[in-house]
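The structure appears right after this line, and notes come after that.
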Amino acid sequence: MNRVILMGRLTRDPEVRYSQGERTMAIARYTLAVDRRGRKNQDSNEPTADFINCVSFDKTGEFAEKYFHQGMRVLITGRVQTGSYINKDGVKVYTFEVIVDEQEFADSKNLSAGGNQAVSRQEPSGAMGDGFMNIPDGIDDPDLPFS
């Protein structure tokens with residue numbers, strides 16, 4: 000089975016091109032910096048990361064073009080594709096990329112936009128400080144789960 004799930008930050012804005020021919024299609028390329036779990040850089044004690052090349056086609060490519068920006072944390076699923084070619088110097092170059100099937104935001108909209116505060120929720124009217132509704136004494140309601 001060839002299935003990949005990755006979460007990381009975009010190293011730059013996606014590069015999008017459109018195919019030519021009868022049916023044009025968006026092709027978005029971007030790189031995800033994916034932290035290596037539990038590993039630290041020996042010199043600076045910073046987490047190390049792998050930089051994974053990703054390719055999104057058609058609607059997912061258009062979505063990446065419209066909504067993805069450098070620094071955003073995203074979650075993708077897809078499959079690994081490898082290949083090779085001979086460059087202009089006659090050297091064989093091996094490629095490794097993830098062909099994206101699904102992609103989504105991994106942070107809240109507020110955090111993705113550069114904010115650093117968590118999204119606050121308003122408590123409903125009548126709520127006490129602990130988030131429970133204040134039910135007055137003496138109410139006999141058979142639909143209440145307890146009295």
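Take the sequence shown: its letters are residues 0 to 146, numbered as in numbering that gives the first Met the number 0.
Cβ coordinates follow ideal geometry from the N, Cα and C atoms, glycine included.
Scanning its chain for C-beta atoms nearer than 6 Å, with the 5 sequence neighbours on each side dropped, one finds around Phe95 the residues Thr81, in chain order. Cys53 and Thr10 have their C-alpha atoms spaced approximately 11 Å apart. Closest in alpha carbon position to Ser55, among Asp88, Glu14, Ala27 and Met6, is Ala27. Beta-carbon to beta-carbon, Gln102 and Phe50 are separated by about 17 Å, too far to satisfy the 8 Å threshold. Exclusion of the five residues before and after Ala105 leaves Met6, Arg72, Val73 and Leu74 as the residues of its chain whose Cβ lies within less than 7 Å of its Cβ.
In the same chain as Ser83, and ignoring 5 residues on each side of it, the C-beta atoms closer than 7 Å to its own belong to Lys91, Val92, Tyr93 and Thr94, in chain order. Of Asp100, Glu64 and Val99, the smallest CA-CA separation from Arg16 is found for Glu64. The DSSP assignment places complete beta strand (DSSP E) segments of no fewer than 3 residues inside the region 25-85 at 25-39, 46-56 and 72-85, in order along the chain. Burial check for Thr23: the Cβ neighbour count within 10 Å stays below 16, so the residue is exposed.
Ranked by how close their Cα comes to the Cα of Arg2, the residues Leu31, Asp12, Val79 and Asp88 have Val79 in first place.
Within its own chain, the residues whose Cβ lies closer than 7 Å to the Cβ of Ile4, once the five positions on either side in sequence are excluded, are Thr76, listed in chain order.
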